[in-house]
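Trainee: In the numbering used here, the protein residues as written are 13 to 636.
#1: How would you write the range of the alpha helix (DSSP H) that residue 386 sits in, first residue to last?
#2: Return the chain-ordered ranges of every beta strand (DSSP E) run that is complete within the stretch 337–389 and spans a minimum of 3 residues.
#3: Which residues in the same chain have their Cβ closer than 6 Å to the Cβ of residue 2, if we skip the five residues on either side of it in sequence?
#4: Do residue 482 and residue 525 have their C-beta atoms closer together than 7 Å?
#5: Would you check if there are 3 or more beta carbon pairs closer than 8 Å linking the stretch 242–255 to the stretch 268–285?
#6: Using C-beta distances below 7 Å, list every residue in its chain close to residue 98, excluding the 5 sequence neighbours before and after it, in chain order.
#7: Between 608, 604, 590, 601, which has its C-alpha nearest residue 19's C-alpha?
#8: Just curious, the beta strand (DSSP E) that residue 579 is in, first and last residue?
#9: Using the beta-carbon count (16 or more within 10 Å), is residue 351 buried or exposed?
#10: Would the beta-carbon of residue 110 fall within 7 Å of that of residue 87?
#11: What does the alpha-carbon distance come out to for the pair residue 360 and residue 372?
#12: Please report the distance separating the alpha-carbon of residue 285 from that of residue 206.
#13: By a C-beta neighbour count over all protein chains shown, 10 Å radius and 16 as the cutoff for buried, is residue 197 buried or exposed?
#14: From residue 455 to residue 224, what distance separates their C-alpha atoms?
#15: In the DSSP assignment, the alpha helix (DSSP H) including residue 190 goes from what residue to what residue?
#16: Taking DSSP as the reference, what is the three-state secondary structure of residue 57?
#17: Does the beta-carbon distance from residue 626 to residue 614 come in below 7 Å?
#18: Taking the beta carbon of residue 292 as the centre, do at least 16 other beta carbons fall within 10 Å, making it buried, or is it exposed?
#19: Threshold first: 3 residues or longer. Then list the beta strand (DSSP E) segments lying entirely within the stretch 283–330, N to C.
#20: Which runs of the beta strand (DSSP E) at least 3 residues long sit entirely within the stretch 437–524? Give them in chain order.
#21: Please report the Cβ distance between residue 347 and residue 100, rounded to the nearest whole angstrom; I am assuming they are in contact, meaning their Cβ atoms lie under 8 Å.
#22: Answer with buried or exposed for residue 598, where buried requires no fewer than 16 other C-beta atoms within 10 angstroms of its C-beta.
#23: Verify whether the separation of the beta carbon atoms of residue 400 and residue 389 is less than 7 Å.
#24: Got a sec, what are the start and stop residues for the beta strand (DSSP E) residue 206 sits in?
#25: Taking DSSP as the reference, what is the three-state secondary structure of residue 126?
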């Protein structure tokens with residue numbers, strides 16, 4: 013018998029992998045049959061609302077919840093803050109009220125708000141004003157780094173080398189660039205539905221982290237993690253902000269425990285925007301220099317920004333992005349702003365890094381009088397992760413798609429009126445790869461197949477990807493497999509973040525499915541006296557070459573009375589998955605220099621993404 017190795021097989025033989033497959037859960041989503049956490053309404057459910065502070069910085073001096081408890085329908089009040097607690101941002105949670113109906117909870121909120129008194133303190137929120145932050149004592153040095161082509165550890169010599177490279181450069185550009193804090197804007201707000209069943213807690217949670225949040229509920233509540241079940245069948249957007257149980261989730265669980273009734277607490281839209289996380293800002297003052305050929309010889313920057321009261325921001329170590337130039341000097345200051353805390357936000361913090369780096373590089377190209385395309389091409393040798401060749405291919409494809417050669421013009425030639433038109437481009441990189449995943453694939457004697465895993469489908473097609481992998485491996489239609497996910501009681505799978513879910517779940521399922529298939533092949537070979545290595549599964553049949561040996565159901569019948577259960581795990585270094593990807597984007601746009609209005613005429617993205625399992629969902633990701 014030949015050695016069996018996990019793999020994807022020849023692409024030209026695939027029936028499902030790489031094709032355009034509509035999401036298998038499209039119908040329940042578009043009809044409203046899909047139940048999100050915000051839709052859960054079991055018998056006796058109470059509806060909760062929250063009281064928030066309207067000041068950016070204050071001390072809570074007075075609060076009385078007794079009036080709220082007397083409001084008709086109110087069943088529980090939970091306090092997030094105590095007297096003399098410091099509130100450090102507008103929207104910080106003060107209390108929650110659970111009632112028979114949402115409007116009764118709102119009345120309870122009003123009753124509490126009427127009793128609250130604050131000592132209002134000075135606040136600071138101007139994340140772009142570094143000098144103001146220093147004067148307000150809100151600036152915190154967050155690190156620095158420097159490196160030069162001179163082989164020395166002496167900082168003075170490194171500084172001298174960097175200064176000399178700038179002084180001797182053909183072109184030097186100095187600029188200020190920035191990108192502001194933004195909110196995740198999740199269509200489904202953060203929140204949960206909590207219900208106690210004896211000593212056990214059931215939580216329907218809007219989450220990107222089904223397997224990882226049970227403990228976040230259990231420990232503060234003083235119960236065993238085994239007594240917590242997290243369910244997340246659907247999620248209405250998270251973008252990196254929904255990995256936690258959160259204080260409002262615990263409040264719902266505590267009020268449910270106190271009342272003996274289920275409690276649903278979903279943040280209202282205003283609160284969602286203020287407390288559920290934001291993307292940190294980033295602003296930079298940079299000097300960047302190049303030689304006569306257009307190669308960058310030095311980068312010297314100081315950047316700052318805010319992630320709220322933590323006073324952090326974009327890590328200094330990742331500038332310039334995604335390059336490692338010969339001479340670099342960079343430093344970072346964090347500003348403590350009276351705004352809500354940050355959370356991961358789609359490729360953190362790459363959008364900020366890209367904006368701070370590549371706008372400066374494009375301006376340097378302009379100062380040299382170079383075509384931006386040629387300038388970036390000239391500097392690909394400095395890109396990280398050995399991606400120069402990939403970037404060059406992507407740039408060529410993108411340039412042809414957008415008509416770069418025909419449309420590009422030197423600066424100052426974008427039109428005579430206030431509306432100027434031009435081209436722009438940027439490079440990107442990302443880790444990606446495969447996250448940890450454990451699945452349990454079960455092949456029943458009647459030929460039906462199902463899998464169980466504690467992953468989640470956050471809207472990007474995880475269910476569909478798993479179905480494609482299993483159906484392709486077993487030679488079945490998509491309807492022949494059933495995907496069970498979204499429960500913490502299933503085998504654990506990583507949180508969905510960092511573009512690791514498809515790699516994680518597809519690799520684990522391909523391994524488990526191939527292991528199961530090989531077991532079935534061995535039974536078929538024994539029964540029908542054929543070579544196991546010659547068998548393949550296709551169209552609901554087991555074939556030896558092009559000759560049918562038996563049907564899939566007949567093959568599975570050889571399992572006996574019990575199903576075949578195979579565990580799949582990953583990631584593993586077996587070639588099924590990889591990491592480190594990159595992409596190029598180009599845009600043709602017009603800017604009205606009088607009003608600031610921007611019109612995009614064409615946008616092109618060329619992305620290195622490895623093996624495409626579902627072309628339709630892959631396109632959706634690029635367009636999204």
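Note that CB positions come from ideal geometry on N, CA and C, so glycine has one too.
This one's a predicted model, so the numbers in the text were calculated from it and none came from an experiment.
Mentor: Taking the definition as stated:
#1: Stepping through the chain shown from its first residue, residue 386 is reached at position 374. 384–390 is the extent of the alpha helix (DSSP H) around residue 386.
#2: If we require 3 residues or more, the beta strand (DSSP E) runs fully inside the stretch 337–389 come out as 340–347.
#3: Outside the shown range of the chain, which is 13 to 636, sits residue 2, and nothing can be said about it.
#4: Position 470 of the chain shown, counted from the first residue, corresponds to residue 482. Position 513 of the chain shown, counted from the first residue, corresponds to residue 525. Yes. Within cutoff.
#5: They do not touch, by the three-pair rule.
#6: Walking along the chain shown from the start, residue 98 turns up at place 86. Counting only Cβ-Cβ distances below 7 Å, and skipping sequence neighbours, we find 71.
#7: Translated into positions along the chain shown, residue 19 becomes position 7. With distances taken between Cα atoms, residue 19 lies closest to 590.
#8: Walking along the chain shown from the start, residue 579 turns up at place 567. Counting along the chain, the beta strand (DSSP E) containing residue 579 begins and ends at 576–582.
#9: Here residue 351 corresponds to residue number 339 of the chain shown, with the count starting at 1. By the neighbour-count criterion, in which 16 or more other beta carbons inside 10 Å mark a residue as buried, residue 351 falls on the buried side.
#10: By 1-based counting over the chain shown, the position of residue 110 is 98. By 1-based counting over the chain shown, the position of residue 87 is 75. Contact: yes.
#11: Translated into positions along the chain shown, residue 360 becomes position 348. Translated into positions along the chain shown, residue 372 becomes position 360. Going from the Cα of residue 360 to the Cα of residue 372 covers about 20 Å.
#12: For this step, residue 285 is matched to residue 273 along the chain shown. For this step, residue 206 is matched to residue 194 along the chain shown. The straight-line gap from Cα to Cα measures roughly 23 Å.
#13: Along the chain shown, one-based indexing puts residue 197 at 185. Around the beta carbon of residue 197, fewer than 16 other beta carbons sit within 10 angstroms, so the residue counts as exposed.
#14: Taking the chain shown and counting its residues from 1, the one referred to as residue 455 is at position 443. Taking the chain shown and counting its residues from 1, the one referred to as residue 224 is at position 212. Their Cα atoms are separated by approximately 27 Å.
#15: Stepping through the chain shown from its first residue, residue 190 is reached at position 178. Unbroken run through residue 190 is the beta strand (DSSP E), 183–191; no alpha helix (DSSP H).
#16: The residue given as residue 57 occupies position 45 in the chain shown. If DSSP states are grouped into helix, strand and coil, residue 57 belongs with coil.
#17: If you number the chain shown from 1, residue 626 lands on position 614. If you number the chain shown from 1, residue 614 lands on position 602. For residue 626 and residue 614, no; Cβs fall outside 7 Å.
#18: Along the chain shown, one-based indexing puts residue 292 at 280. Answer is buried; the Cβ neighbour count reaches 16.
#19: If only uninterrupted beta strand (DSSP E) runs of at least 3 residues are considered, those enclosed by the stretch 283–330 are 294–302, 308–317.
#20: As summarised for the stretch 437–524, the continuous beta strand (DSSP E) elements at least 3 residues long and confined to that stretch are 449–455, 461–464, 493–496, given in chain order.
#21: Locating residue 347 in the chain shown gives position 335, where the first residue counts as 1. Locating residue 100 in the chain shown gives position 88, where the first residue counts as 1. Their Cβ separation, rounded to whole angstroms, is 14 Å, which puts residue 347 and residue 100 out of contact at 8 Å.
#22: By one-based count along the chain shown, residue 598 stands at place 586. Burial call: buried.
#23: Translated into positions along the chain shown, residue 400 becomes position 388. Translated into positions along the chain shown, residue 389 becomes position 377. No, Cβ-Cβ distance for residue 400 and residue 389 is not below 7 Å.
#24: Looking up residue 206 in the chain shown gives position 194. Residues 203–209.
#25: On the chain shown, position 114 is the one that residue 126 refers to. Residue state, collapsed to three classes: coil.
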